[in-house]
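The block underneath contains the structure these notes are about, expressed in C-alpha cells.
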Amino acid sequence: MRPPAPKNPQSVADLPFDVTRAPRPPAPPLAWSWSARPGQRKAWRWYWLGDPLIGSGKVAMHHLMRALPSGVVSGLGGRLGRVAHRVYGRAPFLSQMRRNTQTLLGVDEGAANVLLADWWVNTGRIYAEFASVGKIARATRTEVLDRDLAALAERYGTVIFVSVHVGSWESLFGLLNTAMDRPVIGPYQPEASRFSNAVVEGSRKRRGVYAFPPGRRSAIHLSRFLGNGSAHGFFMIDEIHNGSSRFPLFGRPVAPGSNAARAVKLAIRSDAVLVPVIMPRRAGAAFDVRLFDPVPVVDAKTEWDTIRLTVRALNEVFEPVVKDDLRQWFMLTTLNL
C-alpha cells in the first residue's frame with residue numbers, strides 16, 4: 001500500500017515519490033473478453049495480453065540498455081529508427097508529417113522526405129536514450145551552465161523553465177533538477193501503457209525528479225511549491241491535446257487550457273520568471289543546453305490578455321527554434337495545421 005501524502009506539504013521533500021505515479025487503470029473483468037461490445041473486448045485484450053507482452057519487452061530492453069554506454073545505446077536507437085521508418089512508410093500520419101514539413105519550411109517533397117528520414121533516426125535515438133538520460137545529463141552539464149543557472153536563481157528567485165520536445169528533454173529535466181539551488185518540478189502526461197509508465201517512474205525516482213500527472217492534487221502541489229519558493233518549475237509547452245500539439249502556434253490561437261497558458265498563469269501567481277530552454281542534439285549522444293533570455297510576463301488589462309500575450313511572446317522564441325530543429329522535434333508526428 002502506498003504511504004499517504006501529508007495534507008499540507010510545503011515542499012517535495014514532504015511528499016512520498018508515489019504521488020508522482022500515473023493512476024493505474026482498472027483491470028477489465030474476464031467477461032469483457034467475450035463482450036458484445038468491441039471496445040470492451042479491445043480493452044481486455046490490451047490490458048491482459050497486448051500491454052504485458054509488449055511492455056515487458058520494453059522493460060527488459062530498458063534495463064539491458066542501462067548497462068551500456070550512452071553512445072552505443074544511441075546508435076542502436078538510430079538503427080531501430082530506420083527500421084520503423086520502413087515499417088510505417090505508408091502510414092497516413094507520415095503523409096501528414098510530410099505536408100507539415102513542406103508547409104512550415106517551404107520545401108518540396110524530396111527535401112521533406114530527406115528531413116523525415118533524419119526525424120526517424122533521431123526519434124529512434126530518443127526512445128533508446130531514455131535508458132541513458134542520467135548519463136547524458138551528467139555529460140552535458142558544465143561549469144558555465146551552472147553559473148548561468150545560479151545567476152538566474154539569484155536574480156529572479158523562482159524560475160519556471162519552459163521547453164519543447166527538441167533533443168533530450170528528459171535529460172534536460174534531470175540536469176536542471178541537479179544544477180539549480182532547489183528542486184525543479186513540473187507536470188507530465190502519462191503513457192498509455194502501464195509498463196511504459198513504470199519505466200519512466202523508475203528512472204525519475206532514481207534521479208530524484210518529481211513530475212506530477214494530471215489532476216487537481218498535482219495542480220495544488222505545483223501552485224503551492226512554486227508559490228512558496230520551495231521549487232522551480234519545468235513545463236513542456238508543446239503537449240498533445242485531442243491528438244495534436246498546440247504549441248508552437250504556427251498561426252493558431254492560444255489555447256486557454258494549454259501547458260503554455262498554465263505556465264504563464266503560475267508565473268503570474270508565483271511571481272516567477274519564464275525562461276525558455278532546450279537541449280538539442282549536437283551529434284550522436286552529445287547535446288548542448290540553450291538558455292534563452294527570460295520572457296517577461298506582459299502587463300495587460302485582464303489575466304487572460306496577460307496570458308495570451310505572454311504565450312505569444314514565448315511563441316516568438318520557440319517557433320523559429322522548432323523550424324530550425326524540425327528533424328529533432330518529436331511532436332511533428334502530432335501536428336495538425
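Residue numbers (my numbering): 1 to 337.
Ideal placement from N, C-alpha and C gives every residue a C-beta, glycine not left out.
Rounded to whole angstroms, the gap between the alpha carbons of histidine 165 and tryptophan 329 is 6 Å. The DSSP-derived three-state label of tyrosine 88 is coil. Out of Thr306, Pro280 and Leu291, the CA that lies nearest to the CA of lysine 323 is found in Pro280.
For the pair threonine 302 and arginine 269, the Cα-to-Cα distance works out to about 14 Å.
Under the rule that a run must span 3 or more residues, the beta strand (DSSP E) segments found entirely inside the region 180 to 252 read 184 to 187, 210 to 212 and 232 to 236. In this structure, the beta-carbon distance from valine 159 to valine 273 falls below 7 Å. In this structure, the beta-carbon distance from valine 162 to alanine 263 falls below 7 Å. The secondary-structure analysis by DSSP pairs phenylalanine 161 across a beta bridge with Phe234 and Val275. Spanning the alpha carbons of glutamate 154 and arginine 98 requires a straight line of approximately 44 Å.
Classified as buried, threonine 333 has 16 or more neighbouring CB atoms from the shown chains inside 10 Å of its CB. Taken in chain order, the complete alpha helix (DSSP H) segments of 4 or more residues contained in the region 21 to 75 are 38 to 45 and 51 to 66. In the structure shown, the three-state DSSP call for arginine 290 is strand. Judged by DSSP secondary structure, arginine 282 falls within the beta strand (DSSP E) whose first and last residues are 281 to 283. For alanine 150, the enclosing alpha helix (DSSP H) begins and ends at 143 to 156.
A contact is defined here as three or more CB-CB pairs under 8 Å, and the region 193 to 202 meets this definition with respect to the region 52 to 60.
Under the three-state reduction of DSSP, glycine 167 is assigned to strand.
With fewer than 16 other CB atoms across the displayed protein chains lying within 10 angstroms of its CB, threonine 142 is exposed.
The beta carbons of leucine 337 and threonine 103 sit closer together than 7 Å. Rounded to the nearest angstrom, the gap between the Cα atoms of aspartate 299 and valine 321 is 25 Å. In the DSSP assignment, tryptophan 329 forms a beta bridge with Val166. The beta-carbon separation of alanine 267 and alanine 261, rounded to 11 Å, does not stay under the 8 Å limit for a contact. Following the DSSP letters along the chain, one finds threonine 140 inside the alpha helix (DSSP H) bounded by residues 133 to 140.
For the pair glycine 77 and arginine 125, the CB atoms are nearer than the 7 Å cut-off. Using a 10 angstroms sphere on the CB of aspartate 238, the tally of other CB atoms reaches 16 or more, which defines it as buried. By the Cβ rule, the region 244 to 253 does not count as touching the region 174 to 193, because fewer than three pairs are nearer than 8 Å. The distance from the Cβ of valine 289 to that of valine 275 is about 11 Å, inconsistent with a contact at the 8 Å cut-off.
Using a Cβ distance threshold of 7 Å, methionine 65 and alanine 150 do not count as a contacting pair. Per DSSP, the continuous alpha helix (DSSP H) segment holding proline 320 begins and ends at 303 to 324. In terms of Cβ geometry, glycine 186 and alanine 211 form a close pair [threshold 7 Å]. By the criterion of a C-beta distance shorter than 8 Å, valine 59 is surrounded in its chain by Phe195, Ala198 and Val199, once the five residues flanking it on both sides are discounted. Distance between glutamate 316 and valine 12, taken at the CA atoms: about 33 Å. Rounded to the nearest angstrom, the gap between the Cα atoms of phenylalanine 318 and methionine 331 is 13 Å. In the DSSP annotation of this structure, the continuous segment of the alpha helix (DSSP H) that includes glycine 124 starts and ends at 109 to 129. With respect to arginine 327, tryptophan 119 sits close: the two C-beta atoms are nearer than 7 Å. Measuring C-alpha to C-alpha distances from asparagine 122 to each of Phe234, Gly284, Asp148 and His232 identifies Gly284 as the nearest.
Straight-line measurement puts the Cα of glycine 110 at about 51 Å from the Cα of proline 16.
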